[in-house]
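If you read the sequence shown in my numbering, its first letter stands for residue 1, the second for the next number, and so on. The beta-carbon is built from N, C-alpha and C at its ideal position, and this holds for glycine as well. Since the structure comes first, as structure tokens, the remarks are kept for the end.
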Amino acid sequence: MQNPVEPSRFPHPPVKVWGRGVRLTLLTTLCSLFTLANPQLVSAETVLEKIERTSTVTAGTNKNTLPFAFQDEQGQFQGYSIEMLKQIQAQLSKKLGKEINLELVALTPNERIPKLVAGEVDIVCDASSYTWERDKDIDFSVSYGLTGTRLLIKQGKKAWEPEMLVNQKIAAVAGTTNEIAIRRAQPKAQIIVLPDHTQGYKALEQGTVDAFAADGILLEGWLQTSQNPEDFTVVGYFSREGIACMVPENNSKFVNQVNYSLVRFMEGYLKGKEPYVKTFDRWFGPEAKVPLTQDLRSLVLETMQLVIDFKEEIPESDL
Numbered sequence: 001m002q003n004p005v006e007p008s009r010f011p012h013p014p015v016k017v018w019g020r021g022v023r024l025t026l027l028t029t030l031c032s033l034f035t036l037a038n039p040q041l042v043s044a045e046t047v048l049e050k051i052e053r054t055s056t057v058t059a060g061t062n063k064n065t066l067p068f069a070f071q072d073e074q075g076q077f078q079g080y081s082i083e084m085l086k087q088i089q090a091q092l093s094k095k096l097g098k099e100i101n102l103e104l105v106a107l108t109p110n111e112r113i114p115k116l117v118a119g120e121v122d123i124v125c126d127a128s129s130y131t132w133e134r135d136k137d138i139d140f141s142v143s144y145g146l147t148g149t150r151l152l153i154k155q156g157k158k159a160w161e162p163e164m165l166v167n168q169k170i171a172a173v174a175g176t177t178n179e180i181a182i183r184r185a186q187p188k189a190q191i192i193v194l195p196d197h198t199q200g201y202k203a204l205e206q207g208t209v210d211a212f213a214a215d216g217i218l219l220e221g222w223l224q225t226s227q228n229p230e231d232f233t234v235v236g237y238f239s240r241e242g243i244a245c246m247v248p249e250n251n252s253k254f255v256n257q258v259n260y261s262l263v264r265f266m267e268g269y270l271k272g273k274e275p276y277v278k279t280f281d282r283w284f285g286p287e288a289k290v291p292l293t294q295d296l297r298s299l300v301l302e303t304m305q306l307v308i309d310f311k312e313e314i315p316e317s318d319l
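The following block contains the structure:
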């Protein structure tokens with residue numbers, strides 16, 4: 001016969017029932033610790049909030065893409081895209097009710113999207129054009145300019161068509177749509193990828209490549225500053241692209257201010273108002289370093305009109 005089970009001589013300690021307030025405190029503490037261990041869960045500061053907090057908009061741009069963005073002999077950034085950034089700076093100052101500073105950072109084409117995604121720059125305005133691949137990681141403003149891929153070659157060569165690019169060494173800057181356009185036009189071309197435009201011009205001058213693929217306006221700009229422009233010519237049309245600013249994804253309030261600034265500029269220019277006309281003509285007018293041909297000028301104006309037609313008209317008092 002089994003002996004009856006004796007009560008434990010070591011009874012369990014009584015269970016302590018925590019009050020509701022204590023339980024909430026513990027829960028809050030645990031959530032805080034979990035959030036600290038997972039910083040990606042913290043609600044991120046928007047670009048507009050960052051600009052308001054720091055009183056600065058940090059913009060990435062290029063130092064050798066005349067006439068859109070370049071550094072002059074004094075190291076100052078100049079160009080049409082720099083003027084657009086100043087328009088955006090003024091609009092942000094008005095919107096936020098205080099002076100907003102513009103900090104410009106020189107970036108190579110390959111650095112633009114990583115710097116935007118990392119939050120190191122708030123916007124990029126240089127000679128960037130839209131692609132579906134780029135749009136996976138960042139957002140774009142409305143288009144404020146027009147360009148396209150062309151080839152810079154030495155004088156004496158024939159105007160090149162796609163079938164003439166087979167086995168030809170074509171330089172292109174890494175991370176640009178020009179590289180994509182040439183590969184699409186002639187897969188059998190030998191693409192020589194270089195880090196920046198300066199290296200592309202140098203490679204052509206030294207004869208290590210047969211041509212340099214870049215935006216037509218940039219190539220024309222380089223010819224205007226070259227010591228021997230008569231030795232080169234710009235040929236072919238391999239793409240047509242709109243110029244736009246790039247911004248971090250999911251920042252609609254910031255994009256609204258950027259787009260308002262750009263549309264206001266284009267609308268003001270088309271209405272013949274200053275300082276918009278003077279600003280545009282400084283870079284693309286008859287006396288500019290890179291004057292637009294009549295055909296390209298007509299195309300640019302048509303593109304501007306198309307962009308603003310899809311937006312509400314800017315109040316006359318704000319032009």
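Pairing CB atoms from the stretch 117-124 with CB atoms from the stretch 239-256, are three or more of them under 8 Å? yes
Alpha-carbon spacing of G268 relative to V277, whole angstroms: 8 Å
Give the C-beta separation of V47 and L92 to the nearest angstrom, bearing in mind that I take them to be a contact with Cβ-Cβ under 8 Å. V47 to L92, Cβ: 10 Å. No contact.
Opening and closing residue of the beta strand (DSSP E) in which E103 lies: N101 to A106
Is it the case that the Cβ atoms of Q190 and K157 are separated by a distance below 8 Å? no
Have a look at the DSSP bridge pairing and note the partners of S129. I243
Do you know whose CA, among L301, S261, I51 and Y80, lies nearest K63's CA? Y80
Pair within 8 Å by beta-carbon distance, N250 and V142: no
Can you grab the Cα-Cα spacing for the pair E205 / Q294, in whole Å? 29 Å
Kindly indicate which residue of P248, A214 and Y201 has the alpha-carbon position closest to the one of D229. One detail in the question is off: residue 229 reads as Pro in this sequence, not Asp. It is Y201 whose Cα lies nearest to the Cα of P229.
Do you know offhand how far I113's Cα is from A44's? 18 Å
Who does I153 pair with in a DSSP beta bridge? T233
Within 10 angstroms of its Cβ, does W160 collect 16 or more other Cβ (buried), or is it exposed? buried
Check for me: the beta strand (DSSP E) holding Q74 runs from which residue to which? Unbroken run through Q74: none, as it is neither H nor E.
In the structure shown, what three-state DSSP assignment does T65 receive? strand
Could you name the residues that DSSP lists as bridge partners for G60? V105 and V124
Please work out which residues of its chain come closer than 8 Å, Cβ to Cβ, to Q87, disregarding the five sequence neighbours upstream and downstream, and give them in chain order. S261, L262, R264 and F265
Beta-carbon proximity of I192 to V209, cut-off 8 Å: yes
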